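Trainee: Can you keep this structure in mind? I'll have questions shortly.
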Amino acid sequence: MTSPYVSMATKAEETAESRGPNSIASIDNEAVGREREKDGGRDNNMVFRGGVIKSLLLLLRSRLTAESWKKQPTAKHALIWTLRQLKHPHLSPHINSFLPPLLMLVDDHESYHKTLGLSGLTHLISNTDPTELRWYGRADVIYEAIKSMLYMREEAIIHSLHSCLIILLPVIEGPPTTTVTMPTKPTRTDEVFRILLNNIDMESKITLRKAYVGYVGSYIDLLGIYTARHIKQFLRVVVECLEYPDYCGEETRMQTLKALMMLMKHIWPRVPCHKSEIIKILLKLVSDLCPQEDLIPSKPEILRQLELVSECLSTLQLCCDNMEDVYRSLQRDCGGHRGLQFCLETSLKNMECRQ
């Protein structure tokens, strides 16, 4: 005998398909709505978790097979909507029902399906206990399924992919460490960060470079002190990103400066080896921002960048000895360049306040 939940969901799906592919999650809405009426108006979430979910997933799995899922345009949206109604700890019992169709979506050649699958995976990872994801190698399977997308040059995929990886990698590798007791082998986070830096270095489109740069700071946080493995490549990328404006509020430059500051805080023991290069990078940016020596432009985005440069110089001063003497010497050498004077003076004042 057919389950009343399956019959109810089947009828809802037929109604959704008759309305066209733009009807998102009609299967779930009608199934839950009818069940709620039947149960006298009980809370949607309780009804959803308590009765309809298993039958609904059984139906959706039958519609989302490798051979037929593209013939059922509403089914994938119903799956994602259903997934988003479940949060920790109610999602855990259904991981095996959601994971295969989500991996099928990210494996499709259409970018829309990839981003849809990635959004579902992000929700699943966020609402599942890390230990459960590590059981049977589920987290590893997800990583292997999505890592090839690191080489795709589409803005929507870049955002969806890195949002997913940033929460997946700590599940696989554990939280970052603040101390190093012995040398360790490069991890998957190292691999992703290296590819990300390569993509930024080779990218010529401003919009894509801006999308990449927005995630650099998050990976530095994940790697912690092990970011030191990538410092040479990172500084080369910093030079590239600061050299040209993005003409879109200067987000690329500001995100790059924030990432540089974060890097110095995480790998402070190694910073003295690179202090000359970092100073040169920062002062060159100030010179580019203030081409007229006797004038500081009044544009808000330029003033914000100058403040970030000052914060970077203050952070560098915390990481290295005798930087106050270096900055005062630079003040004398830069003459009347107001932009350079402003940044160096602000940095010195910040340090005086901290003392």
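Here the sequence shown is numbered in full-length UniProt numbering, starting from 1 and rising by one per residue. Glycine included, each C-beta is placed from N, C-alpha and C at the ideal position. Just so it is clear, the structure is predicted and the values come from calculations on it, not from any experiment.
Nearest by alpha-carbon distance to threonine 115: which of Asp129, Ile80, His94 is it?
Mentor: With distances taken between Cα atoms, threonine 115 lies closest to Ile80.
Trainee: At the level of alpha carbons, what is the spacing between leucine 283 and threonine 227?
Mentor: Near 24 Å, if we compare the C-alpha coordinates of threonine 227 and leucine 283.
Trainee: Can you look up isoleucine 296 in the DSSP assignment and give me helix, strand or coil?
Mentor: The answer is coil: DSSP assigns isoleucine 296 none of H, G, I, E or B.
Trainee: Closest to threonine 207 by C-alpha separation, out of Ile53, Cys248, Leu91, would be which residue?
Mentor: For the residues Ile53, Cys248, Leu91, the minimum Cα distance to threonine 207 belongs to Cys248.
Trainee: What span of residues does the alpha helix (DSSP H) with valine 213 cover, start to end?
Mentor: Element bounds for valine 213: 206-213.
Trainee: Return yes when the Cβ of leucine 83 is within less than 9 Å of the Cβ of leucine 124, no when it is not.
Mentor: Result yes, Cβ atoms of leucine 124 and leucine 83 sit closer than 9 Å.
Trainee: Taking 8 Å as the limit between beta carbons, can you name the residues of its chain near glycine 336, skipping five residues before and five after?
Mentor: Within the same chain, glycine 336 has close Cβ partners Glu293, Asp294.
Trainee: For tryptophan 135, count neighbouring C-beta atoms within 10 Å of its own C-beta (all shown protein chains included) and say buried if the count is 16 or more, exposed if not.
Mentor: Classification of tryptophan 135: exposed, given that the 10 Å Cβ count is below 16.
Trainee: Give me, in chain order, the residues of the same chain whose beta-carbon lies closer than 7 Å to that of alanine 259; leave out the 5 immediate sequence neighbours on both sides.
Mentor: Same-chain partners within the cutoff: Val216, Gly217, Ile220.
Trainee: Report the option in Tyr212, Ser119, Ile267, Asp246 whose CA atom is closest to the CA atom of lysine 232.
Mentor: Comparing Cα-Cα distances from lysine 232 to each of Tyr212, Ser119, Ile267, Asp246, the minimum goes to Ile267.
Trainee: Near isoleucine 302, which residues of its chain fall below 7 Å by C-beta distance, leaving aside the five closest residues on each side in sequence?
Mentor: Leu289.
Trainee: For the alpha helix (DSSP H) that glutamine 72 lies in, which residues bound it at each end?
Mentor: It is not in any alpha helix (DSSP H) - glutamine 72 carries neither H nor E in the DSSP assignment.
Trainee: Short of 7 Å in beta carbon distance, which residues of its chain neighbour serine 163, apart from the five on each side in sequence? Order them along the chain.
Mentor: Excluding residues within five positions, the ones whose Cβ falls inside 7 Å are Thr122.
Trainee: Taking isoleucine 267 as part of the alpha helix (DSSP H), name the residues at either end of that continuous run.
Mentor: Per DSSP, isoleucine 267 belongs to no alpha helix (DSSP H) and is neither H nor E.
Trainee: Give the C-beta separation of alanine 139 and valine 171 to the nearest angstrom, bearing in mind that I take them to be a contact with Cβ-Cβ under 8 Å.
Mentor: With a Cβ gap of about 5 Å, alanine 139 and valine 171 count as contacting.
Trainee: Check cysteine 353 in the structure and name its three-state DSSP category.
Mentor: DSSP places cysteine 353 in helix when its eight states are reduced to three.
Trainee: By the DSSP assignment, the alpha helix (DSSP H) with histidine 159 in it spans what residues?
Mentor: Here the alpha helix (DSSP H) through histidine 159 covers 155-173.
Trainee: When you compare each of Val309, Phe193, Asn350 to glycine 224 by their alpha carbons, which one comes out closest?
Mentor: Ranking Val309, Phe193, Asn350 by Cα distance to glycine 224 puts Phe193 first.
Trainee: With burial defined as no fewer than 16 other Cβ atoms inside 10 Å of the residue's Cβ, what is the status of arginine 332: buried or exposed?
Mentor: Classification of arginine 332: exposed, given that the 10 Å Cβ count is below 16.
Trainee: Aspartate 190 and arginine 229 look like a contact to me (Cβ under 8 Å); what is the Cβ gap, rounded to whole Å?
Mentor: Right, the Cβ-Cβ distance comes to about 6 Å (below 8 Å), so this counts as a contact.
Trainee: Please state the DSSP three-state secondary structure of proline 291.
Mentor: Coil.
Trainee: Glutamine 305 to glutamate 173, Cα distance in whole Å?
Mentor: If I take the Cα positions, the gap works out to 35 Å.
Trainee: If serine 310 sits next to threonine 346, beta carbons under 8 Å apart, how far is it from one beta carbon to the other, in whole angstroms?
Mentor: 4 Å between Cβ atoms; contact.
Trainee: For the alpha helix (DSSP H) holding lysine 232, just list the boundary residues, first then last.
Mentor: First-last of the alpha helix (DSSP H) with lysine 232: 231-243.
Trainee: Let's test the definition: count the other Cβ atoms within 10 Å of the Cβ of tyrosine 244 and tell me whether it reaches 16, buried, or not, exposed.
Mentor: Exposed: under 16 other Cβ atoms inside 10 Å.
Trainee: I'd like to know whether the C-beta atoms of leucine 60 and alanine 75 end up nearer to each other than 9 Å.
Mentor: Yes, Cβ-Cβ distance for leucine 60 and alanine 75 is below 9 Å.
Trainee: Using a 10 Å radius around the Cβ and a threshold of 16 neighbouring Cβ atoms, would you call serine 314 buried or exposed?
Mentor: When all chains shown are included, serine 314 counts as buried.
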